[in-house]
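Asker: When you line the sequence shown up against full-length UniProt numbering, it's residues 1 to 336, in that order. Next up is a structure, given as structure tokens.
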Amino acid sequence: MATIRDVAAAASVSTASVSHFINGTKALTPATAERIQQAIDDLNFVPNRLVRTLRGGRHSTVGFVVPDMSNPFFSELASVIEDALQPFGYLVVLCDTKGDVQREHDYLRRLAEMRVAGVIGDFSGRTDVDLSALSAVGASVVLLGATAGKAISSVNVDSTEAGILAAEHLRSLGHSQVAFLSAPGGERITDARWHALLDVFGRNLGGENAVVHLKAAGRRAADHATLVDSLLSLAPRPTAVVGANDYLALTVLHSLLRRGVDVPNDMSVMGFDDIPAAALSYVALTTVRAPAEEMGRTAVEMLLRAIRREIPHPEHAELPSQLIVRDSTTAPGQVN
Numbered sequence: 001m002a003t004i005r006d007v008a009a010a011a012s013v014s015t016a017s018v019s020h021f022i023n024g025t026k027a028l029t030p031a032t033a034e035r036i037q038q039a040i041d042d043l044n045f046v047p048n049r050l051v052r053t054l055r056g057g058r059h060s061t062v063g064f065v066v067p068d069m070s071n072p073f074f075s076e077l078a079s080v081i082e083d084a085l086q087p088f089g090y091l092v093v094l095c096d097t098k099g100d101v102q103r104e105h106d107y108l109r110r111l112a113e114m115r116v117a118g119v120i121g122d123f124s125g126r127t128d129v130d131l132s133a134l135s136a137v138g139a140s141v142v143l144l145g146a147t148a149g150k151a152i153s154s155v156n157v158d159s160t161e162a163g164i165l166a167a168e169h170l171r172s173l174g175h176s177q178v179a180f181l182s183a184p185g186g187e188r189i190t191d192a193r194w195h196a197l198l199d200v201f202g203r204n205l206g207g208e209n210a211v212v213h214l215k216a217a218g219r220r221a222a223d224h225a226t227l228v229d230s231l232l233s234l235a236p237r238p239t240a241v242v243g244a245n246d247y248l249a250l251t252v253l254h255s256l257l258r259r260g261v262d263v264p265n266d267m268s269v270m271g272f273d274d275i276p277a278a279a280l281s282y283v284a285l286t287t288v289r290a291p292a293e294e295m296g297r298t299a300v301e302m303l304l305r306a307i308r309r310e311i312p313h314p315e316h317a318e319l320p321s322q323l324i325v326r327d328s329t330t331a332p333g334q335v336n
């Protein structure tokens with residue numbers, strides 16, 4: 001049976017470097033990490049992580065908790081986080097709560113039972129997340145999209161700022177009849193964006209200048225598409241639509257096109273997040289970018305510092321949004 005010394009010799013590194021790679025306790029160059037991993041594979045070396053955990057250590061595992069993996073934004077985040085943690089020897093365990101609070105609670109408890117080194121969690125801006133099980137075992141936590149009263153490290157994108165950017169863009173084009181579309185989950189973030197629209201358009205919910213909020217019954221693309229029936233039945237019909245995220249906005253955009261609605265000349269459409277598909281759509285989607293790459297890497301850096309006990313207090317980062325104007329928005333009734 002291969003030993004850690006065999007791996008070190010095969011990779012031409014010290015046993016300490018192999019230990020750091022296995023335990024995720026020190027950053028190694030990609031070349032060194034690749035040599036160690038290759039030696040581990042060639043020798044069929046299996047570190048006994050269970051023994052290490054029973055001796056008071058913890059697995060080199062990090063949990064990533066998301067509310068809806070069907071949303072491509074979270075898929076992108078997961079990829080960034082996994083890539084950032086891999087050089088440090090961490091395995092990422094993905095937990096999709098599907099917006100179910102009980103399921104979320106069960107996942108967090110099971111991650112604590114695994115003695116994970118830490119958890120990065122997007123709880124859709126909620127501040128009532130029960131992290132007691134993780135706290136009890138000393139697991140480090142970084143939240144995405146919430147500050148939890150500054151008691152826990154967090155990486156946030158200002159949803160109000162993002163909403164204002166979207167609203168100001170539409171108002172600058174001359175829109176006054178706007179529909180905001182959302183789906184269950186992420187209520188705090190959705191509400192911040194909705195209220196930003198209300199503020200920019202003067203909180204007038206009727207009459208000549210109007211902004212209305214339509215909610216889908218579920219999270220699936222089919223649920224999003226049914227919003228189009230409600231949207232097209234509004235009188236007066238909105239000249240612009242804002243989806244609470246790009247996934248929803250793209251579903252609605254394509255549904256409008258199938259029904260013969262000219263986007264953007266009959267109706268402008270925009271979203272939030274700037275997922276890769278936004279730029280690849282038949283009508284490229286105008287959106288407000290949430291920097292997934294920067295969010296993921298910042299969260300990983302925070303988590304590693306917390307795991308190593310390099311910081312005495314929680315850290316917080318707020319990243320800027322950016323308006324990305326593409327083909328799906330124009331002035332009301334305009335022809336390109």
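C-beta: ideal position from N, C-alpha, C; glycine also. Keep in mind it's a predicted model, so treat the numbers as computed, not measured.
1. Measure the Cβ-Cβ separation of Leu303 and Val142 and say whether it is below 8 Å.
2. Whether or not the segment 267-279 and the segment 70-86 are in contact is what I'm after, with contact meaning three or more pairs of Cβ atoms, one per stretch, closer than 8 Å; do they touch?
3. Glu293 and Val80: beta carbons closer than 8 Å?
4. Starting from Gln322, follow its DSSP beta bridges and name the residues at the other end.
5. Quick check: the Cα distance between Ala9 and Ala284, rounded to an integer number of angstroms?
6. Run through DSSP, which three-state label would Leu134 get?
7. Restricting to Cα atoms, I'd like to know which of Arg309, Val7, Gly24 is closest to Asp41.
8. By the three-class DSSP mapping on this structure, what secondary structure does Met69 have?
9. Classify Tyr107 as buried or exposed, calling it buried when 16 or more other Cβ atoms lie within 10 Å of its own Cβ.
10. If I follow the unbroken beta strand (DSSP E) through Asn23, where does it start and stop?
11. Pick helix, strand or coil for Met267, following the three-state DSSP scheme.
12. Does the Cβ of Gly56 have 16 or more other Cβ atoms within 10 Å, making it buried, or fewer, making it exposed?
13. Grouping DSSP H, G and I as helix and E and B as strand, with all else coil, what is Asp100?
14. For the segment 217-228 and the segment 150-162, state whether three or more C-beta atom pairs, one from each stretch, are separated by less than 8 Å.
15. Can you give the Cα-Cα distance for Ala279 and Thr298, rounded to whole angstroms?
16. For Val80, which of helix, strand or coil comes out of DSSP?
17. Could you tell me the boundaries of the alpha helix (DSSP H) in which Val243 lies?
18. Using the Cα positions of Met295 and Glu34, report the straight-line distance between them to the nearest angstrom.
19. Can you round the beta-carbon distance between Leu134 and Val119 to whole angstroms, since I take them to be within the 8 Å contact cut?
20. Indicate the three-state DSSP secondary structure (helix, strand or coil) for Arg61 in the structure shown.
21. Output needed for Ala179: all residues of its chain with C-beta closer than 8 Å, excluding positions within five of it in sequence on either side, in chain order.
22. Take Glu76 and list the residues in its own chain whose beta-carbon comes closer than 6 Å to its own, dropping the five residues that flank it on each side.
23. Residues in the same chain with beta-carbon distance under 6 Å from Glu315, minus the five sequence neighbours each way, listed in chain order, please.
24. Please classify Gly185: is it buried, with 16 or more other beta-carbons within 10 angstroms of its beta-carbon, or exposed?
25. Just verifying my parser: in three-state terms, what is the DSSP assignment at Ala31?
26. What are the residues that DSSP puts in a beta bridge with Ala317?
27. Taking only the alpha-carbon atoms, compute the straight-line gap between Asp96 and Arg219 and give it to the nearest angstrom.
28. Using the DSSP secondary-structure output, state which residues sit across from Lys26 in a beta bridge.
29. Among Thr286, Pro320, Ala290, Ser321, which has the Cα closest to the Cα of Thr329?
30. Taking the alpha-carbon positions, what's the Phe64 to Asp262 distance?
31. Hey, how far is the Cα of Thr61 from the Cα of Val116?
32. According to DSSP, is Pro6 helix, strand or coil?
33. Taking the alpha helix (DSSP H) that Ala225 falls in, what are its first and last residues?
34. Relative to the C-alpha of Val300, which candidate in Ala27, Ile36, Ala11, Thr3 has its C-alpha closest?
35. Nearest-angstrom Cα distance between Val269 and Gly99?
36. Taking the C-alpha atoms as reference points, what is the distance between Glu168 and Arg103?
Answerer: In short:
1. The residue you call residue 303 lines up with position 303 of the sequence shown. The residue you call residue 142 lines up with position 142 of the sequence shown. Closer than 8 Å, so yes.
2. yes
3. Start at 1 with the first residue of the sequence shown, and residue 293 comes out as number 293. Start at 1 with the first residue of the sequence shown, and residue 80 comes out as number 80. Yes, Cβ-Cβ distance for Glu293 and Val80 is below 8 Å.
4. Residue 322 sits at position 322 when you count from the first residue of the sequence shown. DSSP, once it has assigned bridges, lists Arg289 as partnering Gln322.
5. Residue mapping note: residue 9 aligns to position 9 of the sequence shown, counting from 1. Residue mapping note: residue 284 aligns to position 284 of the sequence shown, counting from 1. If I take the Cα positions, the gap works out to 53 Å.
6. For this step, residue 134 is matched to residue 134 along the sequence shown. Of the three classes helix, strand and coil, the one that applies to Leu134 here is helix, per DSSP.
7. Within the sequence shown, the letter at position 41 stands for residue 41. Among Arg309, Val7, Gly24, the Cα nearest to that of Asp41 belongs to Val7.
8. Against the sequence shown, residue 69 aligns to sequence position 69. Met69: coil per DSSP, three-state reduction.
9. Start at 1 with the first residue of the sequence shown, and residue 107 comes out as number 107. By the neighbour-count rule (16 or more Cβ atoms within 10 Å), Tyr107 is buried.
10. Translated into the one-based positions of the sequence shown, residue 23 becomes position 23. Unbroken run through Asn23 is the alpha helix (DSSP H), 15-23; no beta strand (DSSP E).
11. For this step, residue 267 is matched to residue 267 along the sequence shown. Looking at Met267 - three-state DSSP - the assignment turns out to be coil, as it is neither helix nor strand.
12. The count along the sequence shown starts at 1 and reaches residue 56 at position 56. Summary for Gly56: the model assigns pLDDT 46, below 50, so the residue's position carries little reliability, and this model does not support an answer.
13. Stepping through the sequence shown from its first residue, residue 100 is reached at position 100. Correct three-state label for Asp100: coil.
14. no
15. Walking along the sequence shown from the start, residue 279 turns up at place 279. Walking along the sequence shown from the start, residue 298 turns up at place 298. Using only the alpha carbons, I get a separation of about 24 Å.
16. For this step, residue 80 is matched to residue 80 along the sequence shown. Correct three-state label for Val80: helix.
17. Walking along the sequence shown from the start, residue 243 turns up at place 243. First, the residue type needs correcting, since residue 243 is Gly and not Val in the sequence shown. Here Gly243 belongs to no alpha helix (DSSP H); instead the beta strand (DSSP E) covers 240-243.
18. Residue 295 sits at position 295 when you count from the first residue of the sequence shown. Residue 34 sits at position 34 when you count from the first residue of the sequence shown. Computed Cα separation, rounded: 25 Å.
19. Taking the first residue of the sequence shown as position 1, residue 134 is located at position 134. Taking the first residue of the sequence shown as position 1, residue 119 is located at position 119. At roughly 6 Å, the Cβ-Cβ gap stays under 8 Å, so Leu134 and Val119 are in contact.
20. Locating residue 61 in the sequence shown gives position 61, where the first residue counts as 1. Checking the sequence shown, residue 61 turns out to be Thr, not Arg. Thr61: strand per DSSP, three-state reduction.
21. Sequence index remark: in the sequence shown, residue 179 carries index 179 (1-based). For Ala179, where only same-chain residues beyond five positions count, the Cβ hits under 8 Å are Val211, Val212, His213, Leu214, Leu231, Leu234, Pro238, Ala240, Val241, Val242.
22. Within the sequence shown, residue 76 is the residue found at index 76, counting from 1. Answer for Glu76: Ala292, listed in chain order.
23. Along the sequence shown, read from residue 1 onward, the residue named residue 315 stands at position 315. If we look at Glu315 and ignore the five residues flanking it on each side, its Cβ neighbours are Ser153, Met302.
24. As a first step, residue 185 is located in the sequence shown; it is residue number 185 there, counting from the start. Buried: at least 16 other Cβ atoms inside 10 Å.
25. Counting from one through the sequence shown, the residue named residue 31 turns up at place 31. The answer is helix: DSSP assigns Ala31 an H, G or I state.
26. The count along the sequence shown starts at 1 and reaches residue 317 at position 317. According to DSSP, which records beta bridges pairwise, Ala317 is partnered with Val155.
27. Taking the first residue of the sequence shown as 1, we reach residue 96 at position 96. Taking the first residue of the sequence shown as 1, we reach residue 219 at position 219. Each residue's Cα considered, the two are about 13 Å apart.
28. The sequence position of residue 26 within the sequence shown is 26, counting from 1. The partner list for Lys26 (beta bridge, DSSP) is empty, contrary to what the question assumes.
29. On the sequence shown, position 329 is the one that residue 329 refers to. Of the candidates Thr286, Pro320, Ala290, Ser321, the one whose C-alpha sits nearest the C-alpha of Thr329 is Thr286.
30. Reading the sequence shown from its first residue, position 64 is the one you call residue 64. Reading the sequence shown from its first residue, position 262 is the one you call residue 262. When rounded, the distance between both Cα atoms is 40 Å.
31. Position 61 of the sequence shown, counted from the start, is the residue given in the question as residue 61. Position 116 of the sequence shown, counted from the start, is the residue given in the question as residue 116. Computed Cα separation, rounded: 5 Å.
32. Stepping through the sequence shown from its first residue, residue 6 is reached at position 6. Residue identity differs from the one stated: residue 6 is Asp in this sequence, not Pro. Here Asp6 sits in helix by DSSP.
33. Mapped onto the sequence shown, residue 225 falls at position 225. Looking at the DSSP string, the run of the alpha helix (DSSP H) that includes Ala225 is 221-233.
34. What you label residue 300 is simply residue 300 of the sequence shown in a count that begins at 1. Considering only alpha carbons, the answer is Ala27.
35. If you number the sequence shown from 1, residue 269 lands on position 269. If you number the sequence shown from 1, residue 99 lands on position 99. Between Val269 and Gly99, the C-alpha separation is close to 26 Å.
36. Translated into positions along the sequence shown, residue 168 becomes position 168. Translated into positions along the sequence shown, residue 103 becomes position 103. About 38 Å.
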